[in-house]
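Just below is one structure, and these are the notes that go with it.
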Ligand SMILES: NC(=O)c1ccc[n+]([C@@H]2O[C@H](COP(=O)([O-])OP(=O)(O)OC[C@H]3O[C@@H](n4cnc5c(N)ncnc54)[C@H](OP(=O)(O)O)[C@@H]3O)[C@@H](O)[C@H]2O)c1
């Protein structure tokens, strides 16, 4: 049965959507063959804004077809029918999607070792609701702006369970930076950091997606903040968001600087790099220091995904300092998620939070526009080029904000 004839309770309704009108729109010159128009919503099981958002009949999405940490090898672009949302779902037209270091862990099948390709890629998106199921319509309507943290975001349209959508005031890329990167920093520091005023906090990969937020939240807690990065431009950015001591590790030796300037050690480390940086961070902990393992990006491109770590004497080192190492994985803290999002959205609205976005304006082939730019954006992050959160603009702004 065509979507035009979908009806509630299995009843066959009057055609709700006129389909297949051919010809050319005299105003826009656009060929209309692929568009459909709603004339009556009253019996529809799935409210689809075909007219207002010009939903095409097909879309592009990125699919993991082979398990590999090499994103280009693992992922291919497919053209498929635009999905229909289920009863409790929203169909979101993605305007922006976020790149995460773990996109390559996901494409390597490391999140769920039992997973078999093909499966959809991408963790987060923001856009407009263009269709929704009947139950979902109790809280949402076509034209609403939402963000989400869930799988299958690298697509022109994504079906999102309504209960997982985050209503946002506008489709701004800044809100996208909060979904994974901001939420990770907010919840990890709140739950595991035990930050106290005057403590010293070290953030590694500080100028990146999640690092920028860890710097700001540690500063807001009254801490002295040190941030590592690889360029002077990033160091300048870190200063601008309140980092007391940016360290460009390509220009100065990180170990020597920490030893010389922080002889008492570091109270809290927000650690994302792993390997030798993690070892150094452990050795630099102060008495009662807390090291939060956020990630280990230096190993993600390897076959195992884990960078080498010499941890033989680790228990002794921790005991001698009454220090601790704590792991953090965002999906384990979803109970904190709504509060974190609402608090960060408020901070952003009040001008208390910088959400730096990197669209790749300075990338060789230019800004990340269109779904296929996701491949370049992943390479760009892994070359350490990004300043702030890497974001791809999947689609231009919607021509109409039609509310049905
Ligand atoms: N645990 C969780 O739930 C969770 C959630 C989100 C993110 N994370 C973790 O947070 C870390 C940052 O992720 P993100 O998505 O926000 O990325 P990102 O920080 O925006 O980008 C990665 C940055 O890491 C730095 N880096 C250091 N060593 C690197 C290496 N060997 N290869 C590539 N980059 C290196 C680079 O900055 P410099 O060149 O300036 O050093 C690069 O810009 C990752 O470890 C990720 O897994 C964890």
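Numbering (UniProt numbering), first residue to last: 1 to 404.
Where is the CB? At the ideal position from N, CA and C, for every residue including glycine.
Just so we're clear, the structure is a prediction, and the values are computed from it rather than from any experiment.
State the Cα-Cα distance for the pair residue 347 and residue 182, rounded to the nearest angstrom. Within the chain shown, the letter at position 347 stands for residue 347. Within the chain shown, the letter at position 182 stands for residue 182. Cα-Cα distance, rounded: 12 Å.
To the nearest angstrom, how far is the alpha carbon of residue 385 from that of residue 274? Locating residue 385 in the chain shown gives position 385, where the first residue counts as 1. Locating residue 274 in the chain shown gives position 274, where the first residue counts as 1. Cα to Cα, residue 385 sits roughly 19 Å from residue 274.
Run of the beta strand (DSSP E) containing residue 267, from where it starts to where it stops: Residue mapping note: residue 267 aligns to position 267 of the chain shown, counting from 1. Where residue 267 is concerned, the enclosing beta strand (DSSP E) stretches over 266 to 271.
Can you name the residues that DSSP bridges to residue 48? The residue labelled residue 48 in the question sits at position 48 within the chain shown. Paired residues: 131.
Secondary structure of residue 117, DSSP reduced to three states: Along the chain shown, read from residue 1 onward, the residue named residue 117 stands at position 117. Coil at residue 117, not helix or strand.
Run of the beta strand (DSSP E) containing residue 149, from where it starts to where it stops: Position 149 of the chain shown, counted from the first residue, corresponds to residue 149. Element bounds for residue 149: 145 to 149.
For residue 95, report the span of its beta strand (DSSP E) as first-last. In the chain shown, counting from the first residue as 1, residue 95 sits at position 95. That run of the beta strand (DSSP E) goes 89 to 98.
Is it true that the CB of residue 394 sits closer than 8 Å to the CB of residue 359? If you number the chain shown from 1, residue 359 lands on position 359. If you number the chain shown from 1, residue 394 lands on position 394. Contact: no.
Assign residue 22 to one of two classes, buried (16 or more other C-beta atoms within 10 Å of its C-beta) or exposed (fewer than that). Taking the first residue of the chain shown as 1, we reach residue 22 at position 22. Confidence at residue 22 is low in this model, with a pLDDT of 29, below 50, so its placement is unreliable and no value can be given for it.
Taking the C-alpha atoms as reference points, what is the distance between residue 92 and residue 179? If you number the chain shown from 1, residue 92 lands on position 92. If you number the chain shown from 1, residue 179 lands on position 179. So the two alpha carbons sit approximately 16 Å from each other.
Compute the distance between the beta-carbons of residue 309 and residue 279, then report whether it is under 8 Å. Position 309 of the chain shown, counted from the start, is the residue given in the question as residue 309. Position 279 of the chain shown, counted from the start, is the residue given in the question as residue 279. Yes. Within cutoff.
Put residue 182 into one of helix, strand or coil per three-state DSSP. Within the chain shown, residue 182 is the residue found at index 182, counting from 1. Note: residue 182 maps to helix in three-state DSSP.
Would you kindly report the start and end of the unbroken beta strand (DSSP E) that includes residue 167? Here residue 167 refers to the residue found at position 167 of the chain shown. Taken as a continuous stretch (DSSP letters only), the beta strand (DSSP E) holding residue 167 covers 165 to 167.
Would you call residue 79 buried or exposed, if buried means 16 or more other Cβ atoms sit within 10 Å of its Cβ? Position 79 of the chain shown, counting from 1, holds the residue named residue 79. Taking a 10 Å sphere around the C-beta of residue 79, we find fewer than 16 other C-beta atoms and assign the residue as exposed.
So, for residue 362: in the same chain, excluding its five sequence neighbours on each side, which residues have a beta-carbon less than 8 Å away from its beta-carbon? By 1-based counting over the chain shown, the position of residue 362 is 362. Result list for residue 362: 385, in chain order.
Look up residue 358 in the DSSP assignment and give the residues it is bridged to. What you label residue 358 is simply residue 358 of the chain shown in a count that begins at 1. For residue 358, which the question treats as bridged, DSSP gives the partners 390.
Please state the DSSP three-state secondary structure of residue 126. Translated into the one-based positions of the chain shown, residue 126 becomes position 126. Reduced to three states, the DSSP call for residue 126 is strand.
Taking 8 Å as the cut-off, does the stretch 159 to 167 touch the stretch 112 to 120 (at least 3 CB pairs, one atom from each stretch)? Three or more Cβ pairs closer than 8 Å define a contact, and the stretch 112 to 120 falls short of that threshold against the stretch 159 to 167.
Straight-line Cα distance separating residue 258 from residue 250: As a working mapping, residue 250 is identified with position 250 in the chain shown. As a working mapping, residue 258 is identified with position 258 in the chain shown. So the two alpha carbons sit approximately 15 Å from each other.
State the DSSP-derived secondary structure class of residue 294, mapped to helix, strand or coil. If you number the chain shown from 1, residue 294 lands on position 294. If DSSP states are grouped into helix, strand and coil, residue 294 belongs with coil.
So, is residue 303 buried or exposed, given that buried needs 16 or more other C-beta atoms within 10 angstroms? Residue 303 sits at position 303 when you count from the first residue of the chain shown. Exposed, because fewer than 16 other Cβ atoms sit within 10 Å of the Cβ of residue 303.
Excluding sequence positions up to five away, which residues of its chain have a Cβ less than 6 Å from the Cβ of residue 225? In the chain shown, the residue the question calls residue 225 occupies position 225. Excluding sequence neighbours, residue 225 sits near 201, 215, 218, 219, 243, 244.
Alpha carbon to alpha carbon, how far is residue 173 from residue 75? Within the chain shown, numbered from 1, the residue matching residue 173 stands at position 173. Within the chain shown, numbered from 1, the residue matching residue 75 stands at position 75. About 24 Å.
Would a C-beta distance cut-off of 8 Å place residue 285 and residue 265 closer than the cut-off? What you label residue 285 is simply residue 285 of the chain shown in a count that begins at 1. What you label residue 265 is simply residue 265 of the chain shown in a count that begins at 1. In this structure, residue 265 lies closer than 8 Å to residue 285 by Cβ.
If you reduce the DSSP assignment to three classes, tell me which class residue 380 lands in. Numbered from 1 along the chain shown, position 380 holds the residue referred to as residue 380. Helix.
Answer yes if the stretch 55 to 71 comes into contact with the stretch 140 to 149, meaning at least three C-beta pairs across the two stretches below 8 Å, and no otherwise. no
Sequence-distant residues of its chain with Cβ nearer than 8 Å to residue 198 (five each side left out): Within the chain shown, numbered from 1, the residue matching residue 198 stands at position 198. The residues are 222, 223, 224.
Residue of 301, 283, 231, 297 minimising C-alpha distance to residue 317: Start at 1 with the first residue of the chain shown, and residue 317 comes out as number 317. Measuring from the Cα of residue 317, the nearest candidate turns out to be 283.
In this structure, how does DSSP classify residue 78 when only helix, strand and coil are distinguished? Here residue 78 corresponds to residue number 78 of the chain shown, with the count starting at 1. Of the three classes helix, strand and coil, the one that applies to residue 78 here is strand, per DSSP.
Under 8 Å between the Cβ atoms of residue 272 and residue 305? Counting from 1 along the chain shown, the entry for residue 272 is found at position 272. Counting from 1 along the chain shown, the entry for residue 305 is found at position 305. No. Outside cutoff.
Going by Cα to Cα distance, which pick from 175, 130, 81, 88 is closest to residue 98? Reading the chain shown from its first residue, position 98 is the one you call residue 98. When only C-alpha atoms are compared, the closest one is 175.
Just the C-alpha distance for residue 387 and residue 357, rounded to the nearest angstrom, thanks. For the purposes of this step, residue 387 is identified with residue 387 of the chain shown, where counting begins at 1. For the purposes of this step, residue 357 is identified with residue 357 of the chain shown, where counting begins at 1. Between residue 387 and residue 357, the C-alpha separation is close to 7 Å.
Residue 351 to residue 118, Cα distance in whole Å? For this step, residue 351 is matched to residue 351 along the chain shown. For this step, residue 118 is matched to residue 118 along the chain shown. Each residue's Cα considered, the two are about 42 Å apart.
State the Cα-Cα distance for the pair residue 491 and residue 364, rounded to the nearest angstrom. A query on residue 491 cannot be resolved here, the shown segment of the chain reaching from 1 to 404 and no further.
Return the bridge partner residues of residue 246 from the DSSP annotation. In the chain shown, counting from the first residue as 1, residue 246 sits at position 246. For residue 246, which the question treats as bridged, DSSP gives the partners 227.
Based on Cα-Cα distance, which residue from 287, 326, 307, 344 lies nearest to residue 319? Locating residue 319 in the chain shown gives position 319, counting from the first residue. Of 287, 326, 307, 344, the residue nearest in Cα terms is 287.
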